[in-house]
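Taking the working numbering, I'd label the letters of the sequence shown as residues 1346 to 1717.
Ideal Cβ placement from N, Cα and C applies to all residues, glycine included.
Since the structure is predicted, the reported quantities are computational estimates derived from the model, not experimental observations.
All remarks here apply to the structure that follows.
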Amino acid sequence: MTDMPLTVKRSIELLGIVLVIAILVVANNIIMPVIMAFFISIVLLPIYRFLIKHKFPEVAAIILPILLLAIFLGLIIWFFSAQVGLLVNDFPQIKHNVSVHLNALSKWISSISDFSTTEQVKFINEKSNDLLGVAGKAASGAAVTLSSIFVFVGLLPIYIYLMLFYKDILLRFIFMWFKTDHHPKVKEAIYETEAIIKNYLVGLLIQVTYMTILLGGILLLIGIKHALLIGVIFAILNLIPYVGALIGNVIGVMLTLTSSTELWPVVTVLGVIAVVQFLDNNILMPRIVGSKVKINALFAILGVIIGGSIAGVSGMFLSMPLIAVLKVIFDRTETFKQWGVLLGDERPTKSPMTFPTFRKKKAIATKPGTEK
C-alpha cells in the first residue's frame, strides 16, 4: 500500500469507512450486543482477575461478576419502576394540572392572536387524532421491539461469559495480525484501550450515581415533586454526549409542569440542573474520567448522531468509547495517524498553513481544544 498513489490510498480508506458503516447498519442487531458485551467484559475484567488471583475456579470467577452486574442492574430497574409507579399514582392530579396549563396557554394565545378558543380546541383535537394514529403504529411494532430487547438482554451475559473465557484466544488472534517487531506497540495499544474503556464506563457509572443523588436530593429538599425521577432520568440521558442533557432538561420541565400549576418549580428545576451540570462538566467528571478520552466536540456530536441513526439509543451510548478506541488505534498506526489527529482534541499551537512543521506526522506542540 505504501507504493500506491495518494489518491488511491485515500480512496481505499474512505471505502473502508463506508463499508464498516454499511455493515453496522445492516447487521446492527447482531453487532451491537457483541460490542456492548465487549465493553462490559472489559469493566468486569479486574473482578475476574482478582478472583483468579485468589484461587477461584475460572467458571466461578466469570459467573460471579456477571451475577453482581445483574443484581446491580436489577436494583436500578426496581428504583426506576418505583419512581414511575409514584408518577402513575398521581395521574388524576397530573390530568388536572395539564388542564390548568392548557387553559392558561389558550388565554395567552387568544390575547396575542385571532385564534378563538373554539379554533384552538379544534386544532388540538386534530393533532391529538394524528398523535393517536402515530401511537397506534408504534404500538403495533412494540411486540417486535420488546422481543428484540429480550433477545439483546438474553444474549448479553452469554457473550460476556464467552469473551472472558476465550479472551486469550482473542488476544492471540490480534497479535497474529501484526509482525513480531510491532507486538510491543500492539500490547501498549491493548493496555491503553482497556484503561480508556474502564475509566470511561466506570466514570459514567459513578456520574449517574452522583448526578441522581445530587440533582434528585437538591430538588427533593426544595420540595419539587418527583424529584428523584427527574434526577435519575436526567442522569441517564446525560450519558449521551450533548444531546442527552437537552432531552433531560425538556423531560424535567414536562414532569414539573404536570406536577404543579405554578411556574416557579420549572424555573427552579432548570436552575438546579444548570448548576449541577456546571459542577459535573467542570469539576467532578474531569477528575473521575481524567483526560484519557480526548475527542473533539465536533466528532463527539457526529458520533452520537451517526450511532443513533445506526443502532438507536445503544449506538448513542457506545459512540464515545468506540471513537476513543479508534483514536488509540489510529494514533499508533503510521498509515492512519491523520485520522487520529482528526478525532482528537489537541490543536496545533500554530497554523499549519503558515508553519510547515505542523503539517507532518510527528509529535508537535499542542494546546487543549477547549481554549480560544
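A straight line joining the alpha-carbon of I1581 with that of R1517 spans about 36 Å. Burial is judged here by how many other beta carbons sit within 10 angstroms of a residue's own beta carbon; S1386 has at least 16 and is buried. By the neighbour-count criterion, in which 16 or more other beta carbons inside 10 Å mark a residue as buried, A1367 falls on the exposed side.
If you ignore the 5 residues before and after P1502, its C-beta comes within less than 6 Å of the C-beta of I1411, all in its own chain and listed in chain order. F1520 is the residue among V1429, F1520, L1546 and D1526 whose C-alpha sits nearest the C-alpha of I1535. In this structure, K1682 places its C-beta atom within 8 Å of the C-beta atom of D1676.
Judged by DSSP secondary structure, E1691 falls within the beta strand (DSSP E) whose first and last residues are E1691 to P1693. Comparing C-alpha distances from A1642 to each of S1664, S1659, K1570 and K1532 shows the shortest one belongs to S1664. Given a length threshold of 4 residues, each whole run of the alpha helix (DSSP H) inside the region 1571-1614 is given here in chain order: 1572-1582 and 1588-1604. Around the CB of F1417, fewer than 16 other CB atoms lie within 10 Å, so the residue is classed as exposed. DSSP, read as helix, strand or coil, puts I1640 in strand. Pairing Y1504 with A1382 gives a Cβ-Cβ distance under 8 Å. Assignment of E1679 by DSSP, reduced to helix, strand and coil, places it in the coil class. Taking a C-beta distance under 8 Å as the contact criterion, I1407 and F1510 qualify as a contact pair. Counting C-beta atoms within 10 angstroms of its own C-beta, F1384 has 16 or more neighbours from the protein chains shown and is therefore classed as buried.
The criterion of a C-beta distance shorter than 8 Å is not satisfied by V1614 and T1603. The alpha carbon of V1686 has as its nearest neighbour, out of T1699, P1697, K1672 and G1561, the alpha carbon of K1672. The shortest CA-to-CA distance from L1500 to any of H1527, M1377 and I1514 is the one to M1377. Between L1546 and P1666 the beta-carbon gap is near 7 Å, inside 8 Å, which marks them as a contact. Proximity to V1670 across E1537, T1694 and I1563 peaks at E1537, based on C-alpha coordinates. Between G1576 and M1599, the C-beta gap is not smaller than 8 Å, which leaves the two residues out of contact. Note on geometry: alpha-carbon atoms of T1525 and G1593 lie some 49 Å from one another. Close CB contacts of Q1428 within its chain, under the 8 Å cut and outside five residues either way in sequence, are with H1571, L1573, L1574 and V1577 (chain order). As for any beta strand (DSSP E) of minimum length 3 sitting wholly inside the region 1401-1434, there is none.
In this structure, DSSP gives H1399 a state outside helix and strand, which the three-state scheme calls coil. For F1518, the enclosing alpha helix (DSSP H) has its first and last residue at K1512 to F1520.
Around the CB of D1513, fewer than 16 other CB atoms lie within 10 Å, so the residue is classed as exposed. Here DSSP, grouped into helix, strand and coil, assigns K1672 to helix. The alpha carbon of G1653 has as its nearest neighbour, out of V1553, P1610, I1362 and G1589, the alpha carbon of G1589.
With a cutoff of 8 Å on beta-carbon distance, G1568 and F1579 are scored as not near each other.
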